[in-house]
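So the sequence shown is numbered by the numbering used here: it starts at 928 and just counts up by one.
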Amino acid sequence: MTTVTRPPTFFFSTTNPNNPHAIARSKARRATYKTWVGAMPSLHADINTTALSLVAAWSLPEGHIKSGLRAIHRLESLPKVKAIQDTHCLLDIESLIAIDQPMSALTALTDETLDFIDT
């Protein structure tokens, strides 16, 4: 007798459609991500003014809000990561900040370097 093992329909445990906790957290990540994207100021707007208005609305520290806004903006330079995030919302804002902060320390990011990071 041969036993056939079906591959899982998910790759990460955080996306397990059979785990109600994973489902709830996934919905929360998606809602939070949409909130951050919706709060993004235009490129001509003052990030300090935007951050201060969000401090009052979200009750989060100003530094965290600025870091989050920069992280969301960073996704524009990482189109593959952005496409995955827009589709699956695998990363929470803290993870996006963790990606952005070391990249912010890099000087003279070329298109080639960004493409390498984005793979």
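Note that beta-carbon positions come from the ideal geometry of N, C-alpha and C, so glycine has one too.
Values in this document were obtained by computation on a predicted structure and should not be read as measured data.
Put residue i into one of helix, strand or coil per three-state DSSP.
i: S969; result: coil
i: P944; result: coil
i: T1034; result: coil
i: D1042; result: helix
i: T976; result: helix
i: T936; result: coil
Whole angstroms are fine: how far does the CA of residue j sit from the CA of residue i?
i: Q1028; j: A998; result: 8 Å
i: K961; j: H948; result: 20 Å
i: F939; j: H1015; result: 11 Å
i: T1037; j: L1005; result: 12 Å
i: A978; j: I992; result: 6 Å
i: F937; j: Q1012; result: 16 Å
i: G965; j: S986; result: 17 Å
i: S980; j: M1030; result: 26 Å
i: E1021; j: A984; result: 19 Å
i: D973; j: N945; result: 44 Å
Using CA atoms only, rank isn't needed, just tell me which of the options is closest to residue i.
i: H1000; options: I1026, K954, L987, W985; result: I1026
i: A955; options: T942, M967, A966; result: T942
Whole-angstrom Cβ separation of residue i and residue j, contact assumed at under 8 Å?
i: K1009; j: L1002; result: 4 Å
i: D1045; j: T959; result: Going by Cβ atoms, the distance from D1045 to T959 rounds to 23 Å, so no, they are not a contact pair.
i: W963; j: G995; result: 6 Å
At what residue ranges does the segment 986 to 1028 contain a whole run of the beta strand (DSSP E), taking only runs of 3 or more?
-> none
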